[in-house]
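**Student:**
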Amino acid sequence: MKNVALFGATGSIGRSTLDVLSHYPERFRVFALTAHSRIPELVEACKRFRPRIALIARESLKSALSQALLEEGLAEVEVWAGTEDMARLAALPEVDIDVLAIVGAAGLVPTFAAAKAGKRLLLANKESVVCGGALLMQTIAQTGAELLPVDSEHNAIFQCLSGESAKDREAARLILTASGGPFRRRYDLEDVTPQDACAHPTWHMGQKISVDSATLMNKGLEVIEASWLFNFPADRIDVVVHPQSLIHSMVQFADGCIIAQMGSADMRTPIAYSLGWPERLDGFAARVDFPAIAQVTFEAPDTERFPQLSYAYEALKQGGCATIVLNAANEVAVDAFLKQKIKFTDIARTCRTMMDSLSLPAPSGLSDIFEADRLARAKTSEVIARCSR
Ligand code: NAD
Ligand code: MG
């Protein structure tokens, strides 16, 4: 029986994880659930899974959560709150598996705490790898933590590389697939609304990653994520648009052979793979119906309309704090777009401005990463306030 702490239980990945866990009560115990601020959803999940601990990230909501749990007859659930408690929870000796399904750089704290404590990390939170990749991989190597990527592309690559020698990995190329997002065939992007941007053609996800998919920033973040997770330089990572989302990513070896991982577009598959690894659990996603798909197509990504993909390559090659600055600028700009303070096309403009105006030395520890993130966010907010005035 493995105890699971699920960070970001109320989100899209969080709910899919709970769905998978509900099928395996004899293998996994939902030990702790966390949410940012949505008490009703968190309490609902507590009613269903009866965890030992419920954690609310926004500290001021602690007593409201206690009260809500009490009203539901769940007085036995311990209530924790805030960032320090998130770190304490991720490292708790009783926890065997930490599922990191928080969105944004806020995921850094529990991700690093889990890595330092040598846990099995099921990592969906790509922003923590984008910001702290070097330090995270170093920490994992030191503590013997097990990192299993949940992001579908990285889970695919993990599967494609398994059993390959270090020499063959060193000569290989990664090929990340991208659906192309909702605007693959839309050329006028000035008047895109948040609703248009969140209507993803093949995946149902949280708002932030949906907007990132529409700008192709998501694929850019994934290139950076892949570079750290699998130790591949930027010039051995390609992106190809594949609108059917059947192939989740591929690896090409020196002999020209390509291994691809396929399946229906359902995040429960990589979640179940990571939970069960090295065994495969029974899957719940619809089986692929090849005749119904009929055609699979590929095209090059359009970096004229979606320049943020190029910015990610640029930041990765630049090193230092460039990926932290790009990530922070993007998070702040996407939030402003969702609140209708800036246009869709201003997201890329804001990222460009920040990359050109803020250069910081390479972080030497976690506190440098937080400081760079804080600084980049503050400056991005200033840039946005100036341009939306
Ligand atoms: P979401 O917005 O649906 O859920 C986010 C979760 O994080 C919620 O439970 C929320 O309460 C919590 N959260 C938000 N801000 C927080 C904060 N400051 N402190 C603590 N908790 C906070 O997001 P999602 O779509 O589930 O994505 C989660 C992560 O997984 C992201 O990094 C995303 O890029 C990655 N991912 C998602 C998908 C997908 O299909 N949704 C696929 C691959 C990767
Ligand atoms: Mg992905």
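In my numbering, the protein residues as written are 313 to 701.
Ideal Cβ placement from N, Cα and C applies to all residues, glycine included.
Can threonine 346 and isoleucine 414 be called in contact, C-beta distance under 9 Å?
**Tutor:** yes
**Student:** Just curious, the beta strand (DSSP E) that isoleucine 409 is in, first and last residue?
**Tutor:** 409-412
**Student:** If I follow the unbroken beta strand (DSSP E) through threonine 346, where does it start and stop?
**Tutor:** 340-347
**Student:** Can you tell me which of Gly677, Asn639 and Ala674 puts its alpha carbon nearest to the alpha carbon of alanine 690?
**Tutor:** Among Gly677, Asn639 and Ala674, the Cα nearest to that of alanine 690 belongs to Asn639.
**Student:** What ranges does the beta strand (DSSP E) occupy inside the stretch 558-633, keeping only unbroken runs of at least 3 residues that lie completely in it?
**Tutor:** 559-564 and 570-574
**Student:** Going by Cα to Cα distance, which pick from Ala606, Trp589, Ala604 and Thr581 is closest to glycine 595?
**Tutor:** Thr581
**Student:** Distance, Cα to Cα, serine 576 vs aspartate 408?
**Tutor:** 29 Å
**Student:** Give me the Cβ distance between phenylalanine 361 and valine 342, rounded to the nearest whole Å; I'm assuming they're in contact under 8 Å.
**Tutor:** 4 Å
**Student:** Per DSSP, threonine 489 forms a beta bridge with which residues?
**Tutor:** Val552
**Student:** Report buried or exposed for tyrosine 585, applying the criterion of at least 16 other Cβ atoms within 10 angstroms of its Cβ.
**Tutor:** buried
**Student:** Out of Glu534, Pro555 and Arg617, which has the shortest C-alpha to C-alpha gap to threonine 527?
**Tutor:** Arg617
**Student:** Is histidine 560 a contact residue of the ligand NAD, with contact defined as CB to any heavy atom under 8 Å?
**Tutor:** no
**Student:** Taking all protein chains shown into account, decide if alanine 612 is buried (16 or more other Cβ within 10 angstroms of its Cβ) or exposed.
**Tutor:** exposed
**Student:** Tell me whether valine 462 is buried or exposed, calling it buried when 16 or more other Cβ atoms sit within 10 Å of its Cβ.
**Tutor:** By the 10 Å Cβ count, valine 462 comes out buried.
**Student:** By DSSP, does alanine 483 sit in helix, in strand, or in coil?
**Tutor:** In the structure shown, the three-state DSSP call for alanine 483 is coil.
**Student:** Arginine 362 by DSSP, collapsed to three states: which one?
**Tutor:** coil
**Student:** To which residues of the same chain is proline 363 closer than 7 Å at the C-beta, ignoring the five residues directly before and after it?
**Tutor:** Val342, Phe343, Ala344, Leu345 and Val389
**Student:** Less than 9 Å separating the beta-carbons of leucine 401 and alanine 317?
**Tutor:** yes
**Student:** Once DSSP output is grouped into helix, strand and coil, what is the label at asparagine 543?
**Tutor:** coil
**Student:** Measuring CB to CB, does glutamine 573 end up less than 9 Å from isoleucine 487?
**Tutor:** no
**Student:** Taking the alpha carbon of threonine 514 as the point to measure from, which residue in Leu459, Arg498 and Pro494 has its own alpha carbon closest?
**Tutor:** Pro494
**Student:** Per DSSP, what are the beta-bridge partners of tryptophan 392 in this structure?
**Tutor:** Leu367
**Student:** Could you tell me if the beta carbon of aspartate 410 falls within a distance shorter than 8 Å of some heavy atom in the ligand NAD?
**Tutor:** no
**Student:** Among residues of its own chain, excluding the 5 on either side of valine 442, which ones have a beta-carbon nearer than 7 Å to its beta-carbon?
**Tutor:** Leu533, Ile536, Glu537, Thr635 and Asn639
**Student:** Could you compute how far the alpha carbon of aspartate 550 sits from the alpha carbon of lysine 520?
**Tutor:** If you take the alpha carbons of aspartate 550 and lysine 520, they lie about 23 Å apart.
**Student:** Is it the case that the stretch 647-656 contacts the stretch 491-510, given that we only count it when at least three CB pairs across the two stretches are under 8 Å?
**Tutor:** yes
**Student:** Consult DSSP for asparagine 642 and reduce its assignment to one of helix, strand or coil.
**Tutor:** Helix.
**Student:** For the candidate residues Pro352, Leu412, Ser464 and Ala606, whose alpha-carbon lies nearest to that of threonine 489?
**Tutor:** Ser464
**Student:** From the DSSP output, read off the bridge partner residues of valine 316.
**Tutor:** Val342 and Ile409
**Student:** Nearest to proline 545 by alpha carbon, out of Ala446, Thr322 and Ala429?
**Tutor:** Ala446
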